[in-house]
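Residue numbering for the sequence shown follows our numbering, starting at 54 and increasing by one per position.
Where is the CB? At the ideal position from N, CA and C, for every residue including glycine.
For reference, the structure discussed in these notes is given below.
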Amino acid sequence: SSEYVDGAVDVLRRFLVPALAEQDHLNATSVAPALARFRGHRMAKAALETAVLDAELRMRGVPLSRELGAVRDRVPCGVSVGIMDSVDELLDAVGRYLDEGYLRIKLKIEPGWDVEPVVAVRKRFGAELPLQVDANAAYTLADASQLAKLDAFDLLLIEQPLAENDVLGHARLAALMRTPICLDESITSARAAADAITLGACRIVNIKPGRVGGYLEARRIHDVCAAHGIPVWCGGMLETGLGRAANLALAALPGFTLPGDTSASDRYYHADITEPFVLHDGHLEVPAGPGIGIEPAQDALDAVTTSSEWCAP
């Protein structure tokens, strides 16, 4: 995303919060229409919509999971493993995560680091390991023959191999590979998901609520995919416990049939700003309290807060 913290704070302060203050009857479903005239800034919009949604659900005593339509009280968890300096280092990392109980491994790939790490992981951990790869848009359609070599390794999917705006290229690549293509950055809305599915550009979708403007649009994407028989899973973006709690509520919806990147808190944090999420039998429990279902630990929050301000209506 092109968004960054200071930019998001600025657009919230100067545009998004004042726009909501103008609303006579504010609720979570009215946030997106009220902010529609401001192009982009989906992560800033998602933060604001989530805050309104959380407050509304807490007032009603309703968990976010129930509001979204969850059907599970825990979700299976995978883990994303970055590009390493060596194959041995990669194998050690994968082994540690499997020992911790993660049910699915995702390997980051790029030109020059694609087939070799997959071969090594399959050789060490076997053909039964649920394994997928994520290219983060590092390839072009000219690399199709190289990417097709991954078909031999029974991967769950290859995520976002081409540029985010190259949906047609993904459709062409899909015709040249057996491995299912999963779109991530290309999916910014339910309409974008419907278009990609219609073009044959993907057989799986990664839903990240921040990327699409919030949990309500994320649910709409889920519903579009479900209507077309497209499995979805929940991606991660280094969320603290607050975002992780909300992601777990989303990942408990029926169409989320693949383990997501909703890893345990200690995957990224020595100390979270909430009670940590701990892996049990490869799963994380969906918070059952009202709203997102979890509270920040005030001392921990204060320790990492760099600034705060009151936005007057």
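For residue 139, there is no enclosing alpha helix (DSSP H), as DSSP marks it with neither H nor E.
With 16 or more neighbouring CB atoms inside 10 Å of its own CB, residue 192 falls in the buried class. Residue 283 sits in coil when the DSSP states are folded into three classes, being neither helix nor strand.
Under the DSSP assignment, residue 187 falls in the beta strand (DSSP E) whose first and last residues are 184-187. In the assembly as shown, residue 92 is an exposed residue. Its beta-carbon has fewer than 16 other beta-carbons within 10 Å. The region 231-309 is shown to contain whole beta strand (DSSP E) runs of 3 or more residues at 234-236, 257-260, 285-287, in chain order.
In the DSSP secondary-structure assignment, residue 174 is not bridged to any residue. For residue 78, the secondary structure class from DSSP, reduced to helix, strand or coil, is coil.
Look at residue 120 here: in three-state DSSP terms it is helix. Straight across, the Cα-Cα distance linking residue 264 with residue 95 is about 6 Å. For residue 364 against residue 90, the beta-carbon gap comes to about 19 Å, at or over 8 Å, which does not count as contact. DSSP, reduced to helix, strand and coil, places residue 71 within a helical segment of the structure shown. For residue 127, the enclosing beta strand (DSSP E) begins and ends at 127-129. The shortest C-alpha to C-alpha distance from residue 64 to any of 98, 85, 84 is the one to 98. Burial is judged here by how many other beta carbons sit within 10 angstroms of a residue's own beta carbon; residue 163 has fewer than 16 and is exposed. Apart from the 5 residues on each side of it in sequence, residue 341 sits with its Cβ closer than 8 Å to the Cβ of 116, 118, 126 in its chain, given in chain order. For residue 223, the enclosing alpha helix (DSSP H) begins and ends at 220-227. Shown here, residue 133 sits in a strand according to DSSP, grouped into three states.
With a threshold of 16 other beta carbon atoms within 10 Å, residue 71 falls short and is exposed. In the DSSP assignment, residue 163 falls outside any beta strand (DSSP E) and carries neither an H nor an E.
DSSP, read as helix, strand or coil, puts residue 154 in coil. With a beta-carbon spacing of about 15 Å, residue 291 and residue 130 fall beyond the 8 Å limit used to define contacts. A buried status is given to residue 272, since no fewer than 16 other beta-carbon atoms sit within 10 Å of its beta-carbon. DSSP, reduced to helix, strand and coil, places residue 102 within a helical segment of the structure shown. The three-state reading of DSSP puts residue 344 in strand, counting E and B together.
DSSP, read as helix, strand or coil, puts residue 337 in strand. DSSP places residue 199 inside the alpha helix (DSSP H), whose first and last residues are 197-201. Bridge partners of residue 326 according to DSSP: none are assigned.
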